[in-house]
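Asker: Structure provided below as structure tokens; questions to follow.
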Amino acid sequence: MSARKPLTTRLGPYPETQVSTIITYDKLYHGLNITTGSGQLPKDSDQIMTGGGDETAASSQPDGLLERLHAVVLNRSYTAKFAVALAVIVIVLAAVGFGSYLQIQERIVSDAATDLETSATHHADSIEQWRTTTETETIAIAAAGVYDTGTSTDIRQYLTTAESSQVRSLHYVSTVNGSQMVVASTETSTEGRSPWAVEPVWESPVLAAMNDTTGTETVVRSTTYADGDGYSIAFVTPVPDSDGALVLVARVPAAQFHDGRNGFKTQLLTGDGGPLIGGQGDSTPISQDGRRAATAGQTTTIETGDRVATYTPVNGTSWVVVTSAERESLYGTSRLVRWGFLAVIGTAAISLGVAGYLFGQHTVRPLRQLRHRTQAMEQGDLGVDISTARQDEVGRLYDAFGNMRDTLRRQIQQAQAARKEAERSSHELERQNERLDEFASTLSHDLRNPLTVARGHVELLATRLSDPGTDSADLQSHIEKLEAAHDRIESIIDDVLTLTRKGASVEETAPVPLEAVITDAWDNIDNKSASIEVAGSRTIDADRTRLLRALENLFRNAIDHVGPEVTVTVGLTDHGFYVADDGPGIPTDAVDNIFEYGHTTSEDGTGLGLSIVKTIAEAHGWRLYVDTTYPDGAMFVFADVFSEDEPDWYGTEFEWGRSEASD
1 MSARKPLTTR
11 LGPYPETQVS
21 TIITYDKLYH
31 GLNITTGSGQ
41 LPKDSDQIMT
51 GGGDETAASS
61 QPDGLLERLH
71 AVVLNRSYTA
81 KFAVALAVIV
91 IVLAAVGFGS
101 YLQIQERIVS
111 DAATDLETSA
121 THHADSIEQW
131 RTTTETETIA
141 IAAAGVYDTG
151 TSTDIRQYLT
161 TAESSQVRSL
171 HYVSTVNGSQ
181 MVVASTETST
191 EGRSPWAVEP
201 VWESPVLAAM
211 NDTTGTETVV
221 RSTTYADGDG
231 YSIAFVTPVP
241 DSDGALVLVA
251 RVPAAQFHDG
261 RNGFKTQLLT
271 GDGGPLIGGQ
281 GDSTPISQDG
291 RRAATAGQTT
301 TIETGDRVAT
311 YTPVNGTSWV
321 VVTSAERESL
331 YGTSRLVRWG
341 FLAVIGTAAI
351 SLGVAGYLFG
361 QHTVRPLRQL
371 RHRTQAMEQG
381 DLGVDISTAR
391 QDEVGRLYDA
401 FGNMRDTLRR
411 QIQQAQAARK
421 EAERSSHELE
431 RQNERLDEFA
441 STLSHDLRNP
451 LTVARGHVEL
461 LATRLSDPGT
471 DSADLQSHIE
481 KLEAAHDRIE
491 SIIDDVLTLT
501 RKGASVEETA
511 PVPLEAVITD
521 AWDNIDNKSA
531 SIEVAGSRTI
541 DADRTRLLRA
551 LENLFRNAID
561 HVGPEVTVTV
571 GLTDHGFYVA
581 DDGPGIPTDA
591 VDNIFEYGHT
601 TSEDGTGLGL
611 SIVKTIAEAH
621 GWRLYVDTTY
631 PDGAMFVFAD
641 VFSEDEPDWY
651 GTEFEWGRSE
661 ASD
């Protein structure tokens, strides 16, 4: 093969060396992993032999036919692999299906035979029960004492009374003048006649019963004979203490020979194989072997021609019950299973064939997709998916393009990150400029009024001072107003300077006791008659100066908007703290704009106080919002100040020790 040629490769830091390398076709299929000038050995270096190459080539050759077929055909052709896989699937499906079909066929035959045997046994049991009941009834009717003492009329009346629904007729036969004659009967037309003149089949059982000398309760049966619209059997038993016999003619119940399943036929045979009942007009051939087996007391199933029949004995008689069905009807389910099996195998073969054709495109289609995706990359879409689970040549080609895409994407992302950083710096500069503009606007607008007031009082003070009769108390009032105006100017300057630093985040924090900062902030403001309550405190990480400024602004805001008698409460939440007052609260329509720069409801306010508080909170990485559900006034909540599981060192020796050390 053309793959067997020496390659020149550089092994690590060693000089370039000629290495005679034998690469088997199996290695070619799984991919060659040798790069020149990389400074690395191949991963599968144990398959790369150095030297002359003849011995290694011979040792790597596949030995058997299957190995050669696998190496030459299967490893090189995906189509061959798939075709073999499909063939194996079809063979396995056929084998499993055929085995299942045989098992089902055997089960169907077994169940059919069981059904026939169950039906035949049921009929035999019913016939036996009917025979036993009828014989018992015959003996009971014959045991009455009316036959010895009564007249024929008395006997007839008794027989009429004893006749049941299953009894067709009752006859009392006795010897009159040396001949057997029907003396009394429920059918008066038979009286005075010979029994066998009434029905020829009665002769044998009547003579047998009248000649019985055993003294036991003997019942002799006649053969079945047609009687009107049905079949009847004569049951004859001797009458005790007389020379007569009782003949009970019973109808054979037709329901005993009807099966609930369509296609089942049942007939009753005599011991010699003649049809006792149910066999007239029946085309079912009688198997003498089956009849003899049933006569011997065994139940057996025999297939005769196109029918399957079960023979079973009727206990206490020589009768045989035969239940049969056509083979086609009995084993019809088997035929359906067979056709179902063929349909499944055929459908599987067709489906696999279609699947084989579709998967035949398994190579061309991925390459076409790869081409489209590389075109998308060419147009600038580096988010295109070039991943694949395949590990053959197509899979490695996908991986190569994917690596190239990832490298290019990383480089572009780095460039974009640098550009965004530059844009961020530009935006930060723009924000600083905007803050300076705000600063200038505030100074030019908000400082003008207090400066005008201060200037007016200075001029007035100068005029008064030039007057010899000037009242010093009046001058003191102007001086105090002048001082207040200057204090107002200083406050505005502090607010504006704080606002201009709103973009600067807090770089360094220190653990500070919240209650101590609250106390200092309250002492720093003109709290008038207001009161402060600390509902809870802990140590938090913060810039103490900025936190102090935020609390001062909130306290002033509460006093300015609620009044000098306000009560301010500071407490803890799960993740921060809150500042609340007992005033009327904040109107709902004002909540959304309350932290905006310049928002104020006071004529002499700057609108900077709450904006500064929010700026300080965001510089710490906290969230500040108004709790609109608080019912007793206004509540400002600082959230994300600490985590719920963060330890609190406030008031502990560790906390105070650290505080003293820092001092």
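Using the UniProt record's numbering, the first residue of the sequence shown is number 1, and each one after it goes up by one. Here a beta-carbon is modelled for each residue, glycine too, at the ideal position from N, C-alpha and C.
My assumption, with CB atoms under 8 Å, is that residue 638 sits in contact with residue 595. Please give the rounded CB distance.
Answerer: At roughly 13 Å, the Cβ-Cβ gap does not stay under 8 Å, so residue 638 and residue 595 are not in contact.
Asker: Name, in chain order, the residues that DSSP records as bridge partners for residue 180.
Answerer: According to DSSP, which records beta bridges pairwise, residue 180 is partnered with 175.
Asker: Going by other Cβ atoms of all chains shown within 10 Å of its Cβ, with 16 needed for buried, is residue 17 buried or exposed?
Answerer: Caution applies to residue 17, whose pLDDT of 38 falls short of 50 and renders its modelled position unreliable; the value that the coordinates give is listed next. Exposed, because fewer than 16 other Cβ atoms sit within 10 Å of the Cβ of residue 17.
Asker: Determine, using beta carbons only, whether residue 314 and residue 127 come nearer to each other than 8 Å.
Answerer: Going by C-beta atoms, residue 314 is nearer than 8 Å to residue 127.
Asker: Taking the DSSP output, what are the residues bridged to residue 540?
Answerer: Paired residues: 512.
Asker: Assuming residue 517 contacts residue 554 (C-beta within less than 8 Å), just tell me the rounded distance between them.
Answerer: The pair is not a contact, with the Cβ atoms about 12 Å apart (cut-off 8 Å).
Asker: For residue 569 versus residue 515, is the C-beta spacing smaller than 8 Å?
Answerer: No, these two residues do not count as a Cβ contact at 8 Å.
Asker: Using a threshold of 8 Å, state whether the C-beta atoms of residue 209 and residue 218 are closer than that.
Answerer: In this structure, residue 218 lies closer than 8 Å to residue 209 by Cβ.
Asker: Pull up the CB-CB distance for residue 345 and residue 94, whole angstroms please, since I reckon it's below 8 Å.
Answerer: Going by Cβ atoms, the distance from residue 345 to residue 94 rounds to 5 Å, so yes, they are a contact pair.
Asker: Can you tell which of 562, 566, 120 and 511 has its C-alpha closest to the C-alpha of residue 541?
Answerer: For the residues 562, 566, 120 and 511, the minimum Cα distance to residue 541 belongs to 511.
Asker: Closer than 7 Å by C-beta to residue 352: which residues in its own chain qualify, once you throw out the five before and the five after it? Chain order, please.
Answerer: Same-chain partners within the cutoff: 86, 89 and 90.
Asker: I'd like the list of long-range same chain contacts for residue 522, defined as Cβ closer than 7 Å, with 5 residues on each side in sequence excluded.
Answerer: Result list for residue 522: 532 and 555, in chain order.
Asker: Quick one: which unbroken beta strand (DSSP E) runs of 3-plus residues sit fully inside the segment 562 to 622? Chain order, please.
Answerer: Whole beta strand (DSSP E) segments, 3+ residues: 567 to 572 and 577 to 581.
Asker: Mapping the DSSP letters down to three states, classify residue 115 as helix, strand or coil.
Answerer: If DSSP states are grouped into helix, strand and coil, residue 115 belongs with the helices.
Asker: Quick one: what's residue 636 bridged to in DSSP?
Answerer: Partner(s): 579 and 626.
Asker: Which of the three DSSP states, helix, strand or coil, is assigned to residue 188?
Answerer: Of the three classes helix, strand and coil, the one that applies to residue 188 here is helix, per DSSP.
Asker: Report buried or exposed for residue 635, applying the criterion of at least 16 other Cβ atoms within 10 angstroms of its Cβ.
Answerer: With 16 or more other Cβ atoms within 10 Å, it is buried.
Asker: Going by beta-carbon coordinates alone, are residue 644 and residue 575 separated by less than 8 Å?
Answerer: Yes, Cβ-Cβ distance for residue 644 and residue 575 is below 8 Å.
Asker: Assuming residue 591 contacts residue 581 under a Cβ cut-off of 8 Å, what Cβ separation, rounded to an integer in Å, is found between them?
Answerer: Contact flag wrong, Cβ pair sits at about 15 Å.
Asker: Decide if residue 96 is buried, meaning its Cβ has at least 16 other Cβ atoms within 10 Å, or exposed.
Answerer: Classification for residue 96: exposed.
Asker: Taking C-beta to C-beta, are residue 206 and residue 236 nearer than 8 Å?
Answerer: Their beta carbons are under 8 Å apart, which means residue 206 touches residue 236 by this criterion.
Asker: Excluding sequence positions up to five away, which residues of its chain have a Cβ less than 8 Å from the Cβ of residue 646?
Answerer: Cβ within range, chain order: n/a, list empty.
Asker: List the endpoints of the continuous alpha helix (DSSP H) containing residue 208.
Answerer: Counting along the chain, the alpha helix (DSSP H) containing residue 208 begins and ends at 203 to 210.
Asker: Just verifying my parser: in three-state terms, what is the DSSP assignment at residue 265?
Answerer: Three-state result, residue 265: strand.
Asker: Could you give the DSSP three-state label for residue 372: helix, strand or coil?
Answerer: Note: residue 372 maps to helix in three-state DSSP.
Asker: For the alpha helix (DSSP H) holding residue 155, just list the boundary residues, first then last.
Answerer: From DSSP, the alpha helix (DSSP H) with residue 155 extends over 152 to 162.
Asker: Does the Cβ-Cβ distance between residue 311 and residue 322 come in under 8 Å?
Answerer: Closer than 8 Å, so yes.
Asker: Distance, Cα to Cα, residue 326 vs residue 308?
Answerer: Taking the straight line from one Cα to the other gives about 6 Å.
Asker: Tell me where the alpha helix (DSSP H) around residue 195 begins and ends.
Answerer: Start and end: 195 to 198.
Asker: Considering residue 292, what are the terminal residues of the alpha helix (DSSP H) in which it resides?
Answerer: Element bounds for residue 292: 288 to 295.
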